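Undergrad: Residue numbers (my numbering): 929 to 1399.
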Amino acid sequence: MKNVAYRWNTFQLYDYRGVEDHLSAMAAQGWRLEKAGNTFWKYRRADPAPVRYAVTYNAGASQFNPGPTEGQESLEELCNAAGWTKACDWFQMQIFSTEDPAAVPLETDEVLRLQNIHRSMRKNFLPANLVLLLIGLWMSSSLVYSLVSGNILRLFSSNAHLFSGALFLLVVLLELYTLLHYYHWRKQSRRSIEEGGTCVPINTRAYQRLNRSGLVLVGIVSALYLLAELLGGGRGYALFFLAYILQFILLVFLVRRTTAALRKRKASKGVNMAVTLAVDFILAFALIGGLTFCAIRFGWFSGGSGETYTYQNVEFDVHPREDVPLTLSDLTGEPYEHVRRSCRREGSILLPEWSYWETALENGPEEDGWPGSLHLSYTVYIPRFQWFYDDVAEELLEDAVPRSSYGIGYAYVSEDPAPWGAEAVYRRWLDGSPINSWFLCFPDRITSLSMDWEPTAREKALIQSRLGSET
């Protein structure tokens, strides 16, 4: 039989009644609170008993203090004299218990209770909630702007943009509700006290269900993001996200252990806060910076081709990747000895964006001591729903025309789509002359294509068969 149990509690700091009722119910079941952590509360088995719990507040208490403050010690002495024993503390919340049914209540002045609660809330919880709200607003602003402006490309630019924006928007809603709920409760409590009553009770179960539902939604959105990346071929992004979450958990654990270790060594509050902040910064830089370096170094995002070599001061692939739908050799019918290929799969599950690049040295004699080179690049956009296909095409054409202050004129001009087997074709023009760059609109996808020459009829048919169908 286990003698220790842990429970995930989502109480608010000002919900003193909820804490008192919960702990009394646990004691009746044979569990006594031993430690109230940031997330999990620790209970130890004991004989079931009708234990009363009382919560009071001390705004001067802090997890950075080397031990109980003078105010906490005085409070504990007064409570002991009244028949109450200190169970533990949770931030500024001081929790006491007694088995004496005749023990006098610890709090009798409701005005003072409400003042202490508000001072305690301003110490820790309100600033933390405000910071989370500001972070959520900042991180979700791009998603909100995309929704308001109707910018489809921006909205579906990546799974990270789509899901992280939704995730942080959810955080904003939860934090707004938390702050508004507290200030509404405080306003109602002040009115109740002015009328001779007490602080108004909180529907603890309903509030906890809301908090837990919010956390469950956060988990669901995170799982959907991972699934979207895996289904879309973005394994590197999924791996980075998982590693980031694990490192964040490790960072929080190490920072808290640092605070606890310094507190155990009786370091002053100022020293503890300074060292904890320094450790937090250094570890965050080392862990997150190291993770980002590894992701870039090993090609998690770029889809690197692997081992390379240098020839004529140009980098080429030892084993050029084969998972590309169209290559220079496919178009020209010639093999190339020196080739470099790369691909990047971006976009989101609703608008995949697959980009490919290839450079090859032409076969034959060198010109002026330097062999000629060929280049091919294309990006395929696949709108998953036909209702926003036209919007995507329109935005792509608008974004593809750069604005220049040097008088350079870019434009996309419609041309006959029949040779390409497409529904619509737009060719790029520069200063009144066509260049070898096109937008090809196929029934279920849009392809942006650039190459070093104008393709023949055979090559256009090949482009349509490779890039105008499932890639």
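Don't be surprised by glycine CBs; every beta carbon is placed ideally from N, CA and C.
On a predicted model such as this, the values are computed, not experimentally measured, just so you know.
Nearest to I1023 by CA position, among W1315, Y944, E1122, P1263, is which residue?
TA: Y944
Undergrad: What's the C-alpha gap between P1033 and L1042?
TA: 16 angstroms
Undergrad: I'd like to confirm the pairing. Which residues does DSSP put opposite Y1284 in its beta bridges?
TA: Its beta-bridge partners are C1271, Y1306.
Undergrad: Of all the options Y1317, H1247, A953, N1052, which has the alpha carbon lying nearest to the alpha carbon of I1080?
TA: Y1317
Undergrad: If we count the other Cβ atoms within 10 Å of its Cβ and call it buried at 16 or more, is V983 buried or exposed?
TA: buried
Undergrad: Of the residues A1134, E1004, W1357, which one's Cα is nearest the Cα of G946?
TA: A1134
Undergrad: Please report the straight-line C-alpha distance between R973 and C1016, rounded to a whole angstrom.
TA: 16 angstroms
Undergrad: Jot down the residue ranges of each uninterrupted beta strand (DSSP E) in the region 969 to 1003, minimum 3 residues, whole runs only, in chain order.
TA: The region 969 to 1003 is shown to contain whole beta strand (DSSP E) runs of 3 or more residues at 980 to 985, in chain order.
Undergrad: To the nearest angstrom, how far is the alpha carbon of S1333 from that of V1341?
TA: Reliability fails at S1333, whose pLDDT of 44 lies under 50, so the model's placement of it is uncertain and no value is given.
Undergrad: Rounded to the nearest angstrom, what separates E1243 and D1380 at their Cα positions?
TA: 19 angstroms
Undergrad: If we count Cβ pairs, one from each stretch, closer than 8 angstroms, do we get three or more for the region 987 to 1007 versus the region 1191 to 1200?
TA: yes
Undergrad: Could you check how far apart the C-beta atoms of L1395 and Y1306 are, in whole angstroms? I think they sit under 8 angstroms.
TA: 6 angstroms
Undergrad: Around the Cβ of Y1165, are there at least 16 other Cβ atoms within 10 angstroms (buried) or fewer (exposed)?
TA: buried
Undergrad: Based on Cα-Cα distance, which residue from P1280, L1259, Y981, H1247 lies nearest to R1269?
TA: H1247
Undergrad: In the DSSP assignment, the beta strand (DSSP E) including Q1373 goes from what residue to what residue?
TA: Note that residue 1373 is Arg in the sequence shown, not Gln. For R1373, the uninterrupted beta strand (DSSP E) segment begins and ends at 1373 to 1379.
Undergrad: With a threshold of 6 angstroms on Cβ separation, who are the neighbours of F968 within its own chain once the five nearest residues in sequence on each side are excluded?
TA: Y934, W936
Undergrad: Note down the Cα distance separating Y1105 from L1006, rounded to an integer number of angstroms.
TA: 37 angstroms
Undergrad: Okay, do the region 1347 to 1355 and the region 1365 to 1372 touch, 3+ Cβ pairs below 8 angstroms being the bar?
TA: yes
Undergrad: Per the contact definition of three or more C-beta pairs closer than 8 angstroms, is the region 1200 to 1220 in contact with the region 1252 to 1269?
TA: no
Undergrad: Pick from R1082, R1386, N986: whose alpha carbon is nearest that of T1260?
TA: Checking every option, the nearest Cα to that of T1260 belongs to R1386.
Undergrad: How many angstroms separate the CA atom of L951 from the CA atom of K1014?
TA: 13 angstroms
Undergrad: According to DSSP, which residues form a beta bridge with F1370?
TA: R1373
Undergrad: Please identify the residue among S1361, L1278, L1158 whose C-alpha is closest to the C-alpha of D1372.
TA: L1278
Undergrad: For T1126, is the classification buried or exposed, using 16 other Cβ atoms within 10 angstroms of its Cβ as the cut-off for buried?
TA: Exposed, since its Cβ has fewer than 16 Cβ neighbours within 10 Å.
Undergrad: Please list, in chain order, all residues of the same chain as R1331 whose beta carbon is under 7 angstroms from its beta carbon, the five residues on each side excluded.
TA: Note that R1331 scores 49 on pLDDT, short of 50, meaning its location in the model is unreliable; the coordinates nonetheless yield the value given after this. Hits under 7 angstroms: none found.
Undergrad: Quick check on R1356: buried or exposed, where buried means 16 or more other Cβ atoms within 10 Å of its Cβ?
TA: buried
Undergrad: For A1171, I'd like the list of residues in its chain whose CB is within less than 6 angstroms of its CB, leaving aside the five on either flank, ordered along the chain.
TA: Shown here for A1171: same chain residues with a beta carbon closer than 6 angstroms to its own, the five before and five after excluded, namely L1219 in chain order.
Undergrad: Are at least three pairs of beta-carbons, each pair with one atom in the region 1112 to 1122 and one in the region 1132 to 1147, less than 8 angstroms apart?
TA: no
Undergrad: Is the beta carbon of N1087 closer than 8 angstroms to that of E1157?
TA: yes
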